[in-house]
Each structure stands twice: as structure tokens, then as C-alpha cells.
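K.L.:
Take this structure first; my questions come after.
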Amino acid sequence: MIPDLGDRSLFPPFLELPEDNGASSSSSSSSSATPADSNAVLLAQIKDNMTITKPTLVLTDRDGHGFALVFDGLDRDGLDLGKLGLKKGATAVVRGARQTVPAARSNEQSAQPETLTAKAARRQFLRIAPGQAHTVQAVPTGLEQTIAIAATLRAQQTRTLAEGCSHCAACGVSGSPGAAGAAAAAGAAETQGLSIKKLLRCTGCGQAWYCDRACQTKGWSNGHKSECKALKALSAIWSE
Ligand SMILES: [Zn+2]
Ligand SMILES: [Zn+2]
501 MIPDLGDRSL
511 FPPFLELPED
521 NGASSSSSSS
531 SSATPADSNA
541 VLLAQIKDNM
551 TITKPTLVLT
561 DRDGHGFALV
571 FDGLDRDGLD
581 LGKLGLKKGA
591 TAVVRGARQT
601 VPAARSNEQS
611 AQPETLTAKA
621 ARRQFLRIAP
631 GQAHTVQAVP
641 TGLEQTIAIA
651 ATLRAQQTRT
661 LAEGCSHCAA
671 CGVSGSPGAA
681 GAAAAAGAAE
691 TQGLSIKKLL
701 RCTGCGQAWY
711 CDRACQTKGW
721 SNGHKSECKA
731 LKALSAIWSE
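Position 29 of the sequence shown, counting from 1, maps to 529 under my numbering, and the rest follow consecutively.
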């Protein structure tokens with residue numbers, strides 16, 4: 501089942517990520533700081549592509565905090581960010597995320613006002629180690645919408661588990677999902693003496709079921725159009 505993306509302990513904002521102290525530079529990639537050390541998954545909305553020498557995105561986390569995400573070990577054309585769905589307005593999902601603190605930064609926030617240059621020089625960022633680009637995935641909707649769509653999917657998955665049947669996403673009638681789960685759901689319904697309707701699965705996302713084409717068309721114009729691709733991305737990221 502898809503996790504609760506609204507849960508801040510599972511999906512912390514940038515400033516609550518574990519720190520990567522930056523001691524291991526690109527030359528010593530095999531040492532201590534492997535991304536697997538952190539279970540944190542960061543959700544952040546992509547504001548811009550700021551690639552100059554390395555693939556670089558500017559992101560905003562759930563608290564509105566802005567930071568840069570840098571793919572280390574790749575040159576500026578080393579990654580097709582657009583093809584990966586990492587576009588402006590989309591949500592980036594980063595597994596094993598750590599904040600990298602520039603070496604010059606003092607541990608205590610200074611109470612003194614700083615110059616803009618000094619602030620920029622010690623701004624934290626998110627470094628993706630060489631070979632770890634696959635830990636960054638994309639959902640093609642903004643952060644708030646992504647969290648809302650995930651919550652809807654989670655509620656639907658919970659209900660399907662609890663009731664042993666699926667529901668038409670347009671009219672709400674219960675039925676058996678057309679594919680793999682069909683036998684078990686139909687069996688459960690037969691013991692209750694019901695004849696169960698066989699629902700059709702949306703081939704776009706595989707996460708919505710409908711009675712027939714008419715219900716699918718209705719569901720599409722009632723909002724599934726704006727959610728289908730996000731549902732596909734979310735279910736692919738959390739399918740394993
Ligand atoms: Zn229906
Ligand atoms: Zn769909």
C-alpha cells in the first residue's frame with residue numbers, strides 16, 4: 501500500500517533530513533556516506549532547472565524551504581531531466597535523502613545579519629552521489645496535489661482491502677477488479693449471495709476501476725484526467 505505522504509516523520513522537510521557532513525568528496529565515493537544510511541524520503545516541488553556544470557534542480561519542500569539538488573559525477577548533459585519527468589512544477593521524490601552542509605558552515609545559526617554572498621556560500625543542498633540518480637523519481641503534479649492524490653489512493657486501497665472488493669471510481673458501485681484480484685473478491689461476494697459486477701481497470705494508471713466506458717468517460721472529465729499520470733507514477737514508485 502502507498503504510504504501516507506502527509507506524515508512528516510516518513511517524509512521530513514529538507515531541514516529535518518539527516519546531515520551528510522560533506523567530508524567525503526567525489527573522489528572517495530566508496531566510503532561512509534552511502535544513501536542507504538538514510539531512510540528519509542524527501543518530497544519537494546521542482547521550481548526550476550538550474551543546470552550549469554552538473555544537472556541541478558531548484559526545489560521547494562513542504563515547508564516552503566528552497567534548496568538545490570545536484571547530481572554529482574555527471575556533466576551538464578549527463579542526465580535527461582525532462583525525460584525523467586523532473587520538470588518545473590512536478591514533485592521530486594528522493595530516497596535516502598541527506599542534506600549536505602558546506603564545510604565552511606558553523607553549526608550554530610549566526611544571530612548576526614549576513615551578506616547575501618555569505619548566505620549563498622553556506623546554503624545547504626542535496627547531493628545525489630555518483631551512480632545514485634535512480635533514487636530521484638518524479639510525480640507529474642505539484643507537491644500539494646501529489647500528497648492529496650496519494651491520500652485518495654491510500655483511502656481507496658484501504659477500503660478495497662477492508663471490503664474485499666473494488667468500486668467504480670465514477671458511480672461508486674462495488675465490483676470485482678477485472679484482473680488478478682477477481683477470483684478472491686468474487687468468492688467473498690458469492691458467500692454473501694451477491695452477484696458481483698466485473699469492473700474495468702484504467703489502463704493509464706491501473707489504479708482506477710469503472711463499470712463501463714460511460715463511467716470511465718464520466719470519471720475522466722470529473723477529475724481523473726488530472727490524476728491519472730500522478731497515480732501511475734505514485735503506484736510505480738511504491739509498488740515494491
Ligand atoms: Zn460506474
Ligand atoms: Zn487512470
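Each residue gets a CB set at the ideal place from its N, CA and C atoms; glycine is no exception.
Any residues whose CB sits closer than 6 Å to a heavy atom of ligand 2? List them in chain order?
P.N.:
C702, G704, C705, A708, H724, C728 and L731
K.L.:
Whole angstroms is fine: what's the gap from F625's alpha carbon to D507's?
P.N.:
The residue labelled residue 625 in the question sits at position 125 within the sequence shown. The residue labelled residue 507 in the question sits at position 7 within the sequence shown. Rounded to the nearest angstrom, the two C-alpha atoms are 22 Å apart.
K.L.:
Taking 8 Å as the limit between beta carbons, can you name the residues of its chain near T553, skipping five residues before and five after?
P.N.:
Here residue 553 refers to the residue found at position 53 of the sequence shown. For T553, where only same-chain residues beyond five positions count, the Cβ hits under 8 Å are D575 and R576.
K.L.:
What does the Cβ neighbour count give for R562, buried or exposed, with the cut at 16 atoms within 10 Å?
P.N.:
By one-based count along the sequence shown, residue 562 stands at place 62. Result: buried.
K.L.:
To the nearest angstrom, report how far apart C728 and Q707 are at their CA atoms.
P.N.:
Numbered from 1 along the sequence shown, position 228 holds the residue referred to as residue 728. Numbered from 1 along the sequence shown, position 207 holds the residue referred to as residue 707. Whole-angstrom Cα-Cα distance: 8 Å.
K.L.:
Would you mind working out which of V570, F567, T556 and A590 sits nearest A733, comparing C-alpha positions?
P.N.:
As a position in the sequence shown, residue 733 is number 233, starting the count at 1. Comparing Cα positions, the closest option is A590.
K.L.:
Based on Cα-Cα distance, which residue from L559, I737, L517 and I647 lies nearest to A540?
P.N.:
Position 40 of the sequence shown holds residue 540. When each option's Cα is compared against that of A540, the closest is L517.
K.L.:
May I ask which residues mark the beginning and end of the beta strand (DSSP E) holding K732?
P.N.:
Indexing the sequence shown from 1 puts residue 732 at position 232. Where K732 is concerned, there is no enclosing beta strand (DSSP E), although the alpha helix (DSSP H) it sits in stretches over K725 to I737.
K.L.:
Report back the beta-carbon spacing between L581 and L569 to the nearest angstrom; my notes put them in contact at under 8 Å.
P.N.:
Along the sequence shown, one-based indexing puts residue 581 at 81. Along the sequence shown, one-based indexing puts residue 569 at 69. Rounded, the Cβ-Cβ distance is 10 Å, inconsistent with contact.
K.L.:
Let me know the secondary structure DSSP gives R598 once reduced to three states.
P.N.:
For this step, residue 598 is matched to residue 98 along the sequence shown. Correct three-state label for R598: coil.
K.L.:
Compute every distance between the C-beta of V673 and the non-hydrogen atoms of ligand 1, then say whether any falls below 7 Å.
P.N.:
Residue numbering aside, residue 673 sits at position 173 when the sequence shown is read from its first letter. Checking every heavy atom of ligand 1 against the Cβ of V673, one is found closer than 7 Å.
K.L.:
List the endpoints of the continuous alpha helix (DSSP H) containing A648.
P.N.:
Counting from 1 along the sequence shown, the entry for residue 648 is found at position 148. Residues L643 to E663.
K.L.:
With distances taken between CB atoms, is the gap from R598 to T635 smaller than 8 Å?
P.N.:
If you number the sequence shown from 1, residue 598 lands on position 98. If you number the sequence shown from 1, residue 635 lands on position 135. Here R598 is not near T635, since their CB atoms are 8 Å or more apart.
K.L.:
In this structure, how does DSSP classify K587 when only helix, strand and coil are distinguished?
P.N.:
Counting from one through the sequence shown, the residue named residue 587 turns up at place 87. Taken through DSSP and simplified to helix, strand or coil, K587 comes out as coil.
K.L.:
Using a 10 Å radius around the Cβ and a threshold of 16 neighbouring Cβ atoms, would you call T691 buried or exposed?
P.N.:
Counting from one through the sequence shown, the residue named residue 691 turns up at place 191. Any reading at T691 is ruled out, since the residue's pLDDT is 46, under 50, leaving its predicted position unreliable.
K.L.:
Which residue marks the beginning of the alpha helix (DSSP H) containing Q716, and which one marks its end?
P.N.:
In the sequence shown, residue 716 corresponds to position 216, counting from 1. Element bounds for Q716: R713 to G719.
K.L.:
With a threshold of 8 Å on Cβ separation, who are the neighbours of T646 within its own chain once the five nearest residues in sequence on each side are excluded?
P.N.:
As a first step, residue 646 must be located in the sequence shown, where it is residue number 146. Excluding residues within five positions, the ones whose Cβ falls inside 8 Å are L505, L543, T591, V639, A730 and L734.
K.L.:
For F625, write down the residues that DSSP places opposite it in a beta bridge.
P.N.:
The residue given as residue 625 occupies position 125 in the sequence shown. In DSSP, F625 forms a bridge with A568 and T600.
K.L.:
In three-state terms, what does DSSP make of L549?
P.N.:
Translated into positions along the sequence shown, residue 549 becomes position 49. Leu is not the amino acid found at residue 549; the sequence shown has Asn there. Looking at N549 - three-state DSSP - the assignment turns out to be strand.
K.L.:
If you drop the 5 nearest sequence neighbours on each side, which residues of the same chain put their C-beta closer than 8 Å to that of C671?
P.N.:
Translated into the one-based positions of the sequence shown, residue 671 becomes position 171. The answer, listed in chain order, is C711, C715 and K718.
K.L.:
So F567 and L579 are in contact, right, with Cβ under 8 Å, and what is the actual spacing, rounded?
P.N.:
In the sequence shown, counting from the first residue as 1, residue 567 sits at position 67. In the sequence shown, counting from the first residue as 1, residue 579 sits at position 79. Not confirmed; about 18 Å, so no contact.
K.L.:
Can you tell me whether DSSP reads A633 as helix, strand or coil?
P.N.:
Locating residue 633 in the sequence shown gives position 133, counting from the first residue. Reduced to three states, the DSSP call for A633 is helix.
K.L.:
Hey, out of G675, I649 and Q657, whose CA is closest to Q724's CA?
P.N.:
As a working note, residue 724 is residue 224 in the sequence shown. Gln is not the amino acid found at residue 724; the sequence shown has His there. It is I649.
K.L.:
May I ask you to check if the CB of C715 is nearer than 7 Å to at least one heavy atom of ligand 1?
P.N.:
As a position in the sequence shown, residue 715 is number 215, starting the count at 1. Taking the Cβ of C715 as the reference point, at least one heavy atom of ligand 1 falls within a distance shorter than 7 Å.
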